[in-house]
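Note sheet for the following structure.
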Amino acid sequence: MRSYDVTVFESPLQVSDRATPEPVGGEVLVKVSAAGVCHSDLHICDGFYDLGGGKKLRMGERGVALPITMGHEIAGEVAALGPDAKGLKIGDKVVVFPWIGCGQCAACARGDENLCVKPGFMGIFRRGGYATHCIAPQAKYCLPIGDLDPVAAAPYACSGVTTYSALNKVDRATLQSQPIVVIGAGGLGLMCLSIMKALGAKGALVVDIDPVKREAAMKAGALAAFDPKAPDTVARIRAMTPEGAGAAATIDLVGAGETVQLGVDCAARGGRVIIVGLIGGEITMSVPLFPQRALIVQGSYVGNLRELAELMALVAKGGVAKIPTQTRPLDQAQSALDDLRRGAVVGRIVLTP
Numbered sequence: 001m002r003s004y005d006v007t008v009f010e011s012p013l014q015v016s017d018r019a020t021p022e023p024v025g026g027e028v029l030v031k032v033s034a035a036g037v038c039h040s041d042l043h044i045c046d047g048f049y050d051l052g053g054g055k056k057l058r059m060g061e062r063g064v065a066l067p068i069t070m071g072h073e074i075a076g077e078v079a080a081l082g083p084d085a086k087g088l089k090i091g092d093k094v095v096v097f098p099w100i101g102c103g104q105c106a107a108c109a110r111g112d113e114n115l116c117v118k119p120g121f122m123g124i125f126r127r128g129g130y131a132t133h134c135i136a137p138q139a140k141y142c143l144p145i146g147d148l149d150p151v152a153a154a155p156y157a158c159s160g161v162t163t164y165s166a167l168n169k170v171d172r173a174t175l176q177s178q179p180i181v182v183i184g185a186g187g188l189g190l191m192c193l194s195i196m197k198a199l200g201a202k203g204a205l206v207v208d209i210d211p212v213k214r215e216a217a218m219k220a221g222a223l224a225a226f227d228p229k230a231p232d233t234v235a236r237i238r239a240m241t242p243e244g245a246g247a248a249a250t251i252d253l254v255g256a257g258e259t260v261q262l263g264v265d266c267a268a269r270g271g272r273v274i275i276v277g278l279i280g281g282e283i284t285m286s287v288p289l290f291p292q293r294a295l296i297v298q299g300s301y302v303g304n305l306r307e308l309a310e311l312m313a314l315v316a317k318g319g320v321a322k323i324p325t326q327t328r329p330l331d332q333a334q335s336a337l338d339d340l341r342r343g344a345v346v347g348r349i350v351l352t353p
């Protein structure tokens, strides 16, 4: 098998050729058909997250050991099964749930493996999809996709389940009766708009610094798109909310200090700001504003296996429109990351071995 690996942080990916692994126990060997390129892969390449104030959370402190094969948006075909793997057969087309936990902690026990205290996420802590093959540790993590194009299916494992999980944190009646603010119109933002439409949402007020991405958001069904650098952006957003009182919910898919502050500024009393993105930074807020505005600031980290299954069922019904996607061969993984870093990608890049 061949993979493209991070061997040194802040350095280009390196190609590796080695024996294709044989699944043992309940493992499943997946021949990769498609692997999405996610913005968080840039943080893994760099080796840290920006905590603001000059502080960094380094990958080594999270237990990430090099070399690592990135890629946590994986779709492919079952190539081999361990002797204890049940429910699949050779040739099945699947999307792989990557947010795998230890299976023993309280978070895993309640089904939230994505919040595990000892995670084993694919593409981060175990080898992922920037490769011709990968191993899923159990068959339950391989969800059948039937006739769905693997290139369309792969992004649901992160971009899809991440935005679906964030939307699940918004009261469904609110989602269907009021516009919500969505900050960021990249791959996550366009996926969020697609899922919102399938859920019968009222619509999104989208914020992005890139005019090309704002245009893409409008084509995807946004009610309006705003430049965060414009001085009247907050006032214009609030004017489009009921009674001009502010947004009941904001989903921040960027996660920078400035975008979180924008979400807070746009929020209604009792409003919820859900932070998904990991760009980094920090904000300073007056403590009395939290009780006075009954403000909820909440993090949302990817999603769990149940949510991915729910999303794939929604996709199977035909209600989730495809987002703009460009395919590139696996050997262009590094150039795909470079283009993503430059902000030159609308939608998602998917690698095809």
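Under our numbering, the first residue of the sequence shown carries the number 1, and numbering increases by one thereafter.
Note that CB positions come from ideal geometry on N, CA and C, so glycine has one too.
With a 10 Å radius around its C-beta and 16 neighbouring C-beta atoms as the bar for buried, classify residue i as buried or exposed.
{"i": "T241", "result": "buried"}
{"i": "A19", "result": "exposed"}
{"i": "T327", "result": "exposed"}
{"i": "V117", "result": "exposed"}
{"i": "I243", "result": "Checking the displayed sequence, the identity of residue 243 turns out to be Glu instead of Ile. Exposed is the call here."}
{"i": "T284", "result": "exposed"}
{"i": "P211", "result": "exposed"}
{"i": "P67", "result": "exposed"}
{"i": "I173", "result": "The residue asked about is misnamed: residue 173 is Ala in this sequence, not Ile. Its Cβ having fewer than 16 others within 10 Å, A173 is exposed."}
{"i": "A106", "result": "exposed"}
{"i": "D5", "result": "buried"}
{"i": "T325", "result": "buried"}
{"i": "F226", "result": "buried"}
{"i": "E282", "result": "exposed"}
{"i": "T7", "result": "exposed"}
{"i": "A201", "result": "buried"}
{"i": "S354", "result": "Because the chain here runs from 1 to 353, residue 354 falls outside it and cannot be looked at."}
Give me, in chain order, the residues of the same chain whose beta-carbon lies closer than 7 angstroms to that of residue i; leave out the 5 immediate sequence neighbours on both sides.
{"i": "L88", "result": "V28, V78, L81, A139 and C142"}
{"i": "V320", "result": "S194, I195, A198 and L314"}
{"i": "F48", "result": "K56, L57, R58 and M59"}
{"i": "Y301", "result": "N114 and L115"}
{"i": "Q261", "result": "I283"}
Report back the beta-carbon spacing between residue i and residue j to the nearest angstrom; my notes put them in contact at under 8 angstroms.
{"i": "M59", "j": "I44", "result": "6 angstroms"}
{"i": "I323", "j": "G343", "result": "Not confirmed; about 17 angstroms, so no contact."}
{"i": "G71", "j": "Y164", "result": "Not quite, the Cβ-Cβ distance comes to about 20 angstroms (not below 8 angstroms), so this is no contact."}
{"i": "P137", "j": "I100", "result": "6 angstroms"}
{"i": "V234", "j": "C266", "result": "6 angstroms"}
{"i": "K213", "j": "G186", "result": "6 angstroms"}
{"i": "V206", "j": "G189", "result": "7 angstroms"}
{"i": "L308", "j": "V161", "result": "4 angstroms"}
So, for residue i: in the same chain, excluding its five sequence neighbours on each side, which residues have a beta-carbon less than 8 angstroms away from its beta-carbon?
{"i": "C192", "result": "T163, A166, L167, V182, A204, I251 and L253"}
{"i": "G120", "result": "I100, G101, C102, R126 and P137"}
{"i": "E258", "result": "P228 and G281"}
Closer than 6 angstroms by C-beta to residue i: which residues in its own chain qualify, once you throw out the five before and the five after it? Chain order, please.
{"i": "G255", "result": "I275, G277, L278 and I279"}
{"i": "R293", "result": "R269"}
{"i": "Q85", "result": "Sequence inspection shows Ala at residue 85; the Gln mentioned does not correspond to that position. Counting only Cβ-Cβ distances below 6 angstroms, and skipping sequence neighbours, we find G26, V28 and A139."}
In terms of DSSP beta bridges, what is residue i paired with?
{"i": "S3", "result": "S16 and A131"}
{"i": "I145", "result": "Answer by DSSP bridge pairing: none, since I145 is not bridged."}
Any 3 or more C-beta pairs closer than 8 angstroms across the segment 140 to 153 and the segment 178 to 191: With a cut-off of 8 angstroms, the segment 178 to 191 and the segment 140 to 153 do not count as touching, because too few Cβ pairs lie within range.
Cβ contact (3+ pairs, closer than 8 angstroms) linking the segment 78 to 88 and the segment 36 to 51: The segment 78 to 88 is not in contact with the segment 36 to 51.
The segment 300 to 316 contacting the segment 333 to 340, beta-carbon criterion three pairs below 8 angstroms: With a cut-off of 8 angstroms, the segment 333 to 340 and the segment 300 to 316 do not count as touching, because too few Cβ pairs lie within range.
The segment 148 to 160 / the segment 88 to 99 touching (three or more Cβ pairs under 8 angstroms): In this structure the segment 148 to 160 touches the segment 88 to 99; the number of beta carbon pairs closer than 8 angstroms is three or more.
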